[in-house]
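Worksheet: the structure to be examined is printed underneath.
Below you can see the structure in the form of structure tokens.
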């Protein structure tokens, strides 16, 4: 099983021009994420993946541009649309797919699933199933870094709907007050589930919300990985200097909110336009025009991505299911008094030991 294609990390540089090797590396990762997500949708239809499953289809440019700007010791927090971010952070596709399958070789040992990918070595601090659940935690991590005098930055990715919850505003306020090294990234795909941003937000240009906290902010074309990469580098430089930043990337998801959402809120014409504006195809055309991408290279990249995903599926299929006895192993980080390990169907209290005892085992008065 091969590792995901590496994107050269260029922290601290001014990405004002598009380097050919970097551009091609971006494309390779975008294709891998696309093929992985397509296969994840298939795995869900085949009942190999249970629970919820939200895909990065259409948002690959934003994912790749953001992750390439990070240094290895930076921290990443993501929303529940997290598969692509894990792959672009360098986590092996097999480990990600095994987690989707609920297997022991998954990044969360099969207990997290699609929305809860986690890898402490990659400093990928999880996807979060609760909308905005990651925002206070990422802010706390940035506070810890600042308190310890570290040089790391924290990147906290979220969807547009998160900007409407209280924890978003509370976190930005504290980050600005305490000069925390954090970049908040809003991946604005225009829809909070099925409700448009325009219909749910009095200020649909979400980056402007940072002005309430005197925080620097920027809006960028999320369908252009080079533009996202450059903006992320600027934002991270800002954060490392102790000034938090809000970055909004405007992108589109090609499918519904989750794999079971038919996106009935979109018209047939809107769906056709989304496919016509597909960021992956547009970026491929752009690289072809510059002579970076040939038909042969395009075919080779696509075949390699499919082979990597096939390997990931084989790896996941071969991985064991978690034993029932391990169900409670990760409920708490350390031992907790009176920790219940009762399985479904088991009685809340042990059965009485005899006719002269109560259900709790104590002798009657």
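In the working numbering, the protein residues as written are 8 to 372.
All C-beta atoms in this analysis are idealised placements derived from N, C-alpha and C, irrespective of residue type, glycine included.
Treat the numbers as computed from the prediction; the structure is a model and nothing was measured.
Item, Value
"Kindly indicate which residue of 209, 108, 166 has the alpha-carbon position closest to the one of residue 192.", "166"
"Quick check on this structure: which residue in 45, 173, 238, 188 has the alpha carbon closest to the alpha carbon of residue 216?", "173"
"By alpha-carbon positions, which one of 249, 306, 290 ends up nearest to residue 190?", "249"
"Thinking just about the alpha-carbon of each residue, which of 138, 120, 145 is nearest to the one in residue 132?", "145"
"Throw me the rounded Cβ distance for the residue 260 and residue 64 pair, which I believe falls under 8 Å.", "6 Å"
"Looking only at C-alpha atoms, which of 156, 80, 69, 56 sits nearest to residue 119?", "56"
"Using only the alpha-carbon positions, how far apart do residue 33 and residue 121 sit?", "24 Å"
"From residue 367 to residue 355, what distance separates their C-alpha atoms?", "Note that residue 367 scores 41 on pLDDT, short of 50, meaning its location in the model is unreliable and no value can be drawn from it."
"Taking contact to mean 3 or more Cβ pairs, one atom from each stretch, closer than 8 Å, check whether the segment 81 to 101 and the segment 34 to 49 are in contact.", "yes"
"Going by alpha carbons, who is nearest to residue 78 out of 152, 160, 125?", "160"
"Please classify residue 231 as buried or exposed, where buried requires at least 16 neighbouring CB atoms within 10 angstroms.", "buried"
"Please return the same chain residues whose Cβ sits closer than 6 Å to the Cβ of residue 22, not counting the five positions on each side in sequence.", "Legend: pLDDT at residue 22 = 42, less than 50; position of this residue unreliable, value from coordinates given subsequently. Excluding sequence neighbours, residue 22 sits near 236, 237, 240."
"Which runs of the alpha helix (DSSP H), 4 residues or longer, sit entirely within the segment 232 to 294?", "232 to 247, 275 to 283"
"With distances taken Cα to Cα, identify the nearest neighbour of residue 109 among 351, 326, 338, 350.", "326"
"Out of 272, 182, 75, state which residue places its alpha-carbon closest to the alpha-carbon of residue 200.", "272"
"Decide if residue 51 is buried, meaning its Cβ has at least 16 other Cβ atoms within 10 Å, or exposed.", "buried"
"Rounded to the nearest angstrom, what separates residue 341 and residue 114 at their Cα positions?", "20 Å"
"Ends of the alpha helix (DSSP H) at residue 299?", "No alpha helix (DSSP H) contains residue 299, which DSSP labels as neither H nor E."
"Where do the N-terminal and C-terminal ends of the alpha helix (DSSP H) with residue 194 fall, by residue?", "Note, residue 194: premise wrong, no alpha helix (DSSP H); beta strand (DSSP E) at 189 to 195."
"Would residue 247 and residue 158 be called neighbours here (beta carbons separated by less than 8 Å)?", "yes"
"When burial is assigned at 16 or more other CB atoms within 10 Å of the CB, is residue 154 buried or exposed?", "exposed"
"Who are the near neighbours of residue 175 in its chain, counting only those whose CB is closer than 7 Å to its CB and skipping five residues on each side?", "139, 142, 169"
"Hey, residue 124 and residue 262 are a contact pair by Cβ (cut 8 Å); roughly how many whole angstroms apart?", "Between residue 262 and residue 124 the Cβ distance is about 19 Å, and since that is not below 8 Å, they are no contact."
"With a threshold of 7 Å on Cβ separation, who are the neighbours of residue 70 within its own chain once the five nearest residues in sequence on each side are excluded?", "40, 63, 91, 92, 95"
"For residue 102, I'd like the list of residues in its chain whose CB is within less than 7 Å of its CB, leaving aside the five on either flank, ordered along the chain.", "112, 113, 114"
"Rounded to whole angstroms, what is the Cα-Cα separation between residue 177 and residue 311?", "44 Å"
"Pull up the distance between the alpha-carbon of residue 278 and that of residue 224, whole angstroms please.", "31 Å"
"Residue ranges of each beta strand (DSSP E) run of no fewer than 3 residues wholly in the segment 113 to 159, ordered along the chain?", "131 to 134"
"CA-CA distance, residue 187 and residue 75?", "21 Å"
"How about residue 164 and residue 73: are their beta carbons less than 8 Å apart?", "yes"
"On the DSSP letters alone, give me the boundaries of the beta strand (DSSP E) that residue 83 sits inside.", "82 to 85"
"From which residue to which residue does the alpha helix (DSSP H) around residue 166 run?", "Looking at the DSSP string, residue 166 is not in any alpha helix (DSSP H); the run it does join, the beta strand (DSSP E), is 161 to 166."
"Should residue 137 go down as buried or exposed, given a rule of 16 or more other Cβ atoms within 10 Å for buried?", "exposed"
"When the Cα atoms are used, what is the spatial distance from residue 204 to residue 195?", "8 Å"
"If distances are taken between C-alpha atoms only, which option among 117, 349, 98 comes closest to residue 128?", "98"
"If you reduce the DSSP assignment to three classes, tell me which class residue 224 lands in.", "strand"
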